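Asker: Going down the list, the sequences are from chains P and H.
At position 295 of the first sequence the residue is numbered 295 (this note's numbering), and the sequence of numbers has no breaks.
To convert a position in the second sequence, counted from 1, into this note's numbering, add 1000.
We put the beta carbon where it would ideally sit given N, CA and C, even for glycine.
What you are looking at is a predicted structure, and each value in this text was computed from that prediction instead of being measured.
Below is the structure I would like to discuss, written out as C-alpha cells.
2 protein chains.
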Amino acid sequence: MHGAGRIKIVDVASEAGVSVTTVSHVLSGRRPVSATTRARVEDVIQRLGYQADPSARGLRTQRTRTLGLVVPDITNPFNTAIAAGMQEIALAHEYLTVVCEAPMDGPHLPAVIRQLVARRIDGIVVGRYGATRQDLDRITASGSKLVRLGGPLAPGLGDVVRAAETEGMYDLVSHLVGRGYRRIAYIGGARGVEPGEERFVGYRKALEAAGLPVHQELVAWTSFTREGGRAGATAVLTATEPPDAVVCANDLIAIGALDTARAAGLRVPDRVAITGYDDIEAASLVSPALTTVLNPAREIGRSAAQLLLDRLEGEGSGPAREIVLAHRLVPRESA
Amino acid sequence: MHGAGRIKIVDVASEAGVSVTTVSHVLSGRRPVSATTRARVEDVIQRLGYQADPSARGLRTQRTRTLGLVVPDITNPFNTAIAAGMQEIALAHEYLTVVCEAPMDGPHLPAVIRQLVARRIDGIVVGRYGATRQDLDRITASGSKLVRLGGPLAPGLGDVVRAAETEGMYDLVSHLVGRGYRRIAYIGGARGVEPGEERFVGYRKALEAAGLPVHQELVAWTSFTREGGRAGATAVLTATEPPDAVVCANDLIAIGALDTARAAGLRVPDRVAITGYDDIEAASLVSPALTTVLNPAREIGRSAAQLLLDRLEGEGSGPAREIVLAHRLVPRESA
DNA sequence: CAGGTTATGCAAAACGATTTGGAGAACGCG
DNA sequence: CGCGTTCTCCAAATCGTTTTGCATAACCTG
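In C-alpha cells form, the structure reads like this:
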C-alpha cells in the first residue's frame, strides 16, 4: 500500500557497514572518502536503489532542486519550447522544472510568484511581460535566483536572456533586398509593445543600410492577429505605388496579409512577397508556406536554466549577466 | 541576501500568544480550537504572511502537495492544454503541477517516472502512450495516485480519463451526411494506433447508421502527417467513382489533402468537402478553414486533477473510476 | 622514532513542521 | 459540592537528511 519499506540512508549505512555521515559524504562529496569505502557505499546505493527523501534534504539545505518558469500562456508553443529547453538542462542536474501559467489579465502574476517563493523554488525564470519591480524583488529577496526573458539589465534583478529581435528582422529584410525586392512594406502589431518595436527598428536599419527610404505610406500599425494582418495589408497594398514585398511583425499578421492578397487576386510571391516572424507551426502549413524567422525558444530555455544552475551550484553572487541569442532565417515559398 | 528572517510557526505562535500546536491545529483543523483563539491566530497568520515550509511539512506528512503530468511532447498544444486544465484545479487546492516531457524514443518514460516517484509527487497523470504495466506499477507501489489518459480500466492501475473519439467521429460524419454528402472517403493514419482506430470505428458506424456502404476503395491508410494526407488524398480522389467528401483522421492529414485538392484544381468544399480532427491552431488558419472536431484537452486536465485530488484529500481507496468526455464539432468552411 | 599533518569515520545537533498523550480549566449533573 | 466530561492548550517525540566538532588511524618528515 504505502510504499511499504522505503529505504533510508541508515539502511544504506548499515548495509555498507559505515555511518550515515559517510554515506552522506560520498553523496555530496563535501568531505573526502576513501576510494574503497566510496565504492562499497555506491554499490549498496545502486543495489538498494536508494534515493534521498527530497523533503528531508530540502528541510536541511533550504533547497528544493527545482526550477520554475512563469509565462502568460502555457499553451503557446514558444513558451513550452522554452520550458522544454529548461527541462533538458535541469534534468541532467537532477533538477525538476515547473512551469506556471499566470495570465496577463488580472493580478495572477504576484499570486503565482508568491506560490513559487513559498515553495522555495531555487530559481525562477520570468517571461517577458508586465512584471513589476516589486514582483521581481520578492523573488530575489526570498533568496531565489532570477532570470528574466528580455528587458533591461539592471543590478539586483537577476540575469537576462533574450533573443536578438532587431538583428533577426534586419537579416530578414536584408535577405529580401538581396533577392531584388525594393519597395518593402511593414505591418506592425500594436505600437509600444517591446518585441514589436525592436523588430521595426531592425526593418528600418536594414532599409537604411541598403540605401532605401522608409515610405510612411508603406508602414501600418494594427494588432498581432490575423484580422490585424488583413486590415494592415489592405492599407499597405492600396498605396499609390504598391509594395513588392510586405514584411509582417509576426506570423499571424502575415497569414492575414495572405488572405487579403488572395482576395485581391495578387499571386504570392510573384506579385508580392509576404513574410512572417516567429515560425509558428501554421507558418509552414499555410500555402504558400511563409518565409519567416525562427525564435530560438528552446535555446533560450537552455540558457536560462544554465544561468540559474551556475548561480545555484557555483558562486551565487557576481555581476548580472545577459545572454543574447541569434534568430534564424527560415526561407520558404512566400518570398 | 538569503531571505533574512523568514517567519516560522513559532513566530506566529508567540505573536498570537499560543503554542505551535494550536497554530498547527487551526491550520489543519484536526482538533477543535475555540473560535476566539482561531480568529486571533488566523489574523496573525494573515498579518505576518506566514506560509508553512513545504519541506518541513512534507517531511512529516510524506506529501508534497504536487501533481505531475507526463507527456511525450511538451510543445504539443494538446498536452499543454491538459496541463493548463490540471493547473487550474490544482492551484485552487494549493497544489503545484509539474509537467514532464518523456519522448517516445528511447527509455525516457521509466526514468521520468522514477524521478517523479523519488520526488514523492502525490498524484501522477500519464499521457496516452507506451507505458508498460511495470512503469505504472512503480507509481502505484510508491503510494502515488495514478490517472491514465485513455486505455482500459483495470484494477490497480488507477483511474482513467479519456475523450470519446468514436462518438466524435460519428458526430462529424453524421453532420456531413446531414448536409447531403453521400460518398464519404476516409484517410486514416497508421493502422493499429489507438485513437486512430477508434475514430475509424466512428466513421463506419455513422455510415452504417445512415444506411450507406463502406467502399473499400474510399478508405486509405497512411501516416498522421501532411505528407500522408497528400498521398492518401491522391489515392482516394482518383477512385473510379470519386468521393464528394473526405474525412481525415487528424488535421495534418486534412491539410495535406487540401494540398492535393488544390493541385488537382478541385474547389473545396464545392467539389469535395474535407474535414480534419483535433482542431489544432493551424486548422483555423489554412484556407478554407477546416471543419474539425475539438479535443476537450483542458477539460481532460481538469477531470484528471479532480480525480487525483479526490483520492488524495478524500478516501484514498475505492474502485477505479473512468471519466469519458465528449468531443465538440467545429463546423467551418471546408464542409 | 617523535611530532605534526592529513585522512577517515562517528555521534549528535540542527532544519520546521505535525501529531500524540496528557494536564489543567470550565462545565454540567445529581 | 464532588465527580466525570468536554474544551483547550502544551510539551515532547518524530519525520530523514546534512553538517559540525572530535576522536582515531594513517602517513609523512627530518
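By DSSP, does A1004 (chain H) sit in helix, in strand, or in coil?
Answerer: Residue placement at A1004 (chain H) is poorly supported in this model, since its pLDDT is 45, which falls under 50; the coordinates still yield a value, given next. Residue state, collapsed to three classes: coil.
Asker: Tell me the DSSP bridge mates of V160 (chain P)?
Answerer: Paired residue(s): P:R148, P:E322.
Asker: For I89 (chain P), I'd like the list of residues in its chain whose CB is within less than 6 Å of its CB, leaving aside the five on either flank, ordered along the chain.
Answerer: For I89 (chain P), where only same-chain residues beyond five positions count, the Cβ hits under 6 Å are R302, A305, Q306.
Asker: Thinking C-beta only, is L146 (chain P) closer than 7 Å to T140 (chain P)?
Answerer: Yes, the Cβ-Cβ distance between T140 (chain P) and L146 (chain P) is below 7 Å.
Asker: Identify whether G1049 (chain H) lies in helix, strand or coil by the three-state DSSP scheme.
Answerer: Correct three-state label for G1049 (chain H): coil.
Asker: Are the C-beta of A1118 (chain H) and some C-beta of chain P separated by less than 7 Å?
Answerer: Cβ-Cβ to chain P under 7 Å: yes for A1118 (chain H).
Asker: Can you find a C-beta in chain H that's less than 7 Å from the C-beta of E333 (chain P)?
Answerer: Not one chain H Cβ lies under 7 Å of E333 (chain P).
Asker: Starting from the C-beta of R1226 (chain H), find all residues in its chain whose C-beta is less than 6 Å away, skip the five residues before and the five after it, and write them out in chain order.
Answerer: Excluding residues within five positions, the ones whose Cβ falls inside 6 Å are L1252, I1255, G1256.
Asker: What residue from H:D1278, H:R1332, H:R1183, H:V1201 has the CA that sits closest to E1217 (chain H)'s CA?
Answerer: Nearest C-alpha to E1217 (chain H): H:R1183.
Asker: I'd like the list of long-range same chain contacts for G3 (chain P), defined as Cβ closer than 6 Å, with 5 residues on each side in sequence excluded.
Answerer: For G3 (chain P), the predicted model reports a pLDDT of 38, less than 50, meaning its position is unreliable and no value from the coordinates is stated.
Asker: For the region 1108–1146 of chain H, which segments carrying the alpha helix (DSSP H) assignment without a break, of at least 4 residues, lie completely within its bounds, in sequence order?
Answerer: Entirely contained in the region 1108–1146 of chain H, the alpha helix (DSSP H) runs reaching 4 residues are, in chain order, 1108–1118, 1133–1141.
Asker: Please report how far the alpha carbon of H93 (chain P) lies from the alpha carbon of Q1115 (chain H), in whole angstroms.
Answerer: Whole-angstrom Cα-Cα distance: 12 Å.
Asker: Between the Cα of R1065 (chain H) and the Cα atoms of H:R1120, H:F1224, H:V1033, H:I1113, which residue gives the shortest distance?
Answerer: Here the closest residue by C-alpha is H:R1120.
Asker: Does the CB of L149 (chain P) have a neighbour CB from chain H at under 7 Å?
Answerer: Not closer than 7 Å to any Cβ of chain H, the Cβ of L149 (chain P) fails to qualify, so no.
Asker: Quick one: which residues of the region 273–284 of chain P get their C-beta closer than 8 Å to a C-beta of chain H? List them in chain order.
Answerer: Going along the region 273–284 of chain P in chain order, one finds I280, E281, A282 with a Cβ nearer than 8 Å to chain H.
Asker: Report all residues from its chain with a CB closer than 7 Å to the CB of R162 (chain P); omit the five preceding and five following residues, and keep chain order.
Answerer: Only L149, G150, V324 meet the Cβ criterion.
Asker: How many angstroms separate the CA atom of S19 (chain P) from the CA atom of L48 (chain P)?
Answerer: S19 (chain P) and L48 (chain P): Cα-Cα distance of roughly 16 Å.
Asker: What residues in the region 1224–1250 of chain H bring their beta carbon closer than 9 Å to a beta carbon of chain P?
Answerer: So the close ones are R1226.
Asker: Using a Cβ-Cβ cutoff of 7 Å, what residues of the region 293–309 of chain P are near chain H? List them in chain order.
Answerer: The residues in question: there are none.
Asker: Report the CB separation of P1107 (chain H) from D1073 (chain H) in whole angstroms; it is logged as a contact under 8 Å.
Answerer: Wrong, their Cβ atoms sit about 16 Å apart, outside the cutoff.
Asker: Any Cβ of chain H within less than 7 Å of the Cβ of L59 (chain P)?
Answerer: Answer yes: the Cβ-Cβ gap between L59 (chain P) and chain H drops below 7 Å somewhere.
Asker: Cβ atoms of V33 (chain P) and E15 (chain P): under 7 Å apart, would you say?
Answerer: No, Cβ-Cβ distance for E15 (chain P) and V33 (chain P) is not below 7 Å.
Asker: Look at the Cβ atom of A83 (chain P), then the Cβ atom of L96 (chain P), and state whether they are nearer than 7 Å.
Answerer: No. Outside cutoff.
Asker: Work out the CA separation of A1210 (chain H) and G1180 (chain H) for me, nearest whole Å.
Answerer: Approximately 11 Å between the Cα atoms of the pair.
Asker: With distances taken from CA atoms, which of P:K8, P:R6, P:I9, P:P331 is nearest D171 (chain P)?
Answerer: The option with the nearest alpha carbon to D171 (chain P) is P:P331.
Asker: Which class does I184 (chain P) belong to by DSSP, given the choice of helix, strand or coil?
Answerer: Of the three classes helix, strand and coil, the one that applies to I184 (chain P) here is strand, per DSSP.
Asker: Going by the CB atoms, is the gap between L1258 (chain H) and I1274 (chain H) shorter than 7 Å?
Answerer: Yes. Within cutoff.
Asker: Check the Cβ of E101 (chain P) against every Cβ in chain H and list those closer than 7 Å, keeping chain order.
Answerer: Residues of chain H passing the Cβ test: A1084, Q1087.
Asker: Taking Cβ-Cβ distances shorter than 9 Å, what residues in chain P pair up with S1028 (chain H)?
Answerer: Within 9 Å Cβ-Cβ: nothing; S1028 (chain H) doesn't reach chain P, min ~17 Å.
Asker: Below 7 Å CB to CB, which residues in the same chain sit around V71 (chain P) once its five sequence neighbours on both sides are set aside?
Answerer: Answer for V71 (chain P): N79, V99, E101, G127, listed in chain order.
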